[in-house]
Amino acid sequence: RVVEDFTDMRKIRIDIEGAPGTLYDGEKFQLLSKFSDQYPFDSPQVTFIGSNIPLHPHIYSNGHICLSILTDDWSPALSINAVCLSILSMLSSCKDKSRPPDNDWYVRTASNDPKKTRWWYHDDAV
Numbered sequence: 315r316v317v318e319d320f321t322d323m324r325k326i327r328i329d330i331e332g333a334p335g336t337l338y339d340g341e342k343f344q345l346l347s348k349f350s351d352q353y354p355f356d357s358p359q360v361t362f363i364g365s366n367i368p369l370h371p372h373i374y375s376n377g378h379i380c381l382s383i384l385t386d387d388w389s390p391a392l393s394i395n396a397v398c399l400s401i402l403s404m405l406s407s408c409k410d411k412s413r414p415p416d417n418d419w420y421v422r423t424a425s426n427d428p429k430k431t432r433w434w435y436h437d438d439a440v
């Protein structure tokens, strides 16, 4: 569900809910998507916000998401719907609610913009 706020059309808040039958069944989360002037050629900056950041091996406690389509594998053919579907799929396939092993270090040292992070995609079996 997109939450409308017309004060800045380059920022969209999206409410998502964990899929039935998954570890996140019924849990509610908020995403913030920020779009640059170069969108759709530049990927949106997408982070979890609010007090309920999902515990997931690819989601840091500051809301940053390690997902290749948000950086290296972005394509202008992708939509924000495709991004949300990928995030829901990532949550739905999770078998262990935990933070990434380097969460504390990353949160201390990361930029506010997760797109400035040089992600290392090494584990698709979460």
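Residue numbers (the numbering used here): 315 to 440.
Positions of the beta carbon are idealized from the N, C-alpha and C atoms, including for glycine.
**Q.** Identified DSSP bridge partners for Ser347
**A.** As a first step, residue 347 must be located in the sequence shown, where it is residue number 33. DSSP, once it has assigned bridges, lists Ile326 and Val360 as partnering Ser347.
Q | Rounded separation between Lys429 and Thr385 - CA only | A | Indexing the sequence shown from 1 puts residue 429 at position 115. Indexing the sequence shown from 1 puts residue 385 at position 71. Roughly 6 Å between the two C-alpha positions.
(Q) Buried or exposed, going by whether 16 or more other CB atoms sit within 10 Å of the CB of Gln352? (A) In the sequence shown, residue 352 corresponds to position 38, counting from 1. Classification of Gln352: exposed, given that the 10 Å Cβ count is below 16.
Q: Please look up how many angstroms separate the CB atoms of Ser412 and Leu346, rounded, as I've assumed it's under 8 Å.
A: As a working mapping, residue 412 is identified with position 98 in the sequence shown. As a working mapping, residue 346 is identified with position 32 in the sequence shown. Their Cβ separation, rounded to whole angstroms, is 23 Å, which puts Ser412 and Leu346 out of contact at 8 Å.
Q: Please state whether DSSP places Lys342 in a helix, a strand or coil.
A: The residue labelled residue 342 in the question sits at position 28 within the sequence shown. Collapsing the DSSP output to three states places Lys342 in a strand.
Q. Hey, quick one: how far does the alpha helix (DSSP H) through Arg418 stretch, first residue to last?
A. Residue mapping note: residue 418 aligns to position 104 of the sequence shown, counting from 1. Arg is not the amino acid found at residue 418; the sequence shown has Asp there. Element bounds for Asp418: Asn417 to Thr423.
Q: Would you mind stating whether Val360 and Ile379 have Cβ atoms separated by less than 8 Å?
A: Here the question's residue 360 lines up with position 46 in the sequence shown. Here the question's residue 379 lines up with position 65 in the sequence shown. Yes. Within cutoff.
Q | Buried versus exposed, by CB contacts within 10 Å (16 or more), Met404 | A | Counting from 1 along the sequence shown, the entry for residue 404 is found at position 90. Answer is buried; the Cβ neighbour count reaches 16.
(Q) For a quick check, are the C-beta atoms of Thr348 and Pro358 less than 8 Å apart? (A) Locating residue 348 in the sequence shown gives position 34, counting from the first residue. Locating residue 358 in the sequence shown gives position 44, counting from the first residue. In the sequence on display, residue 348 carries Lys and not Thr. Yes, they are a contact pair.
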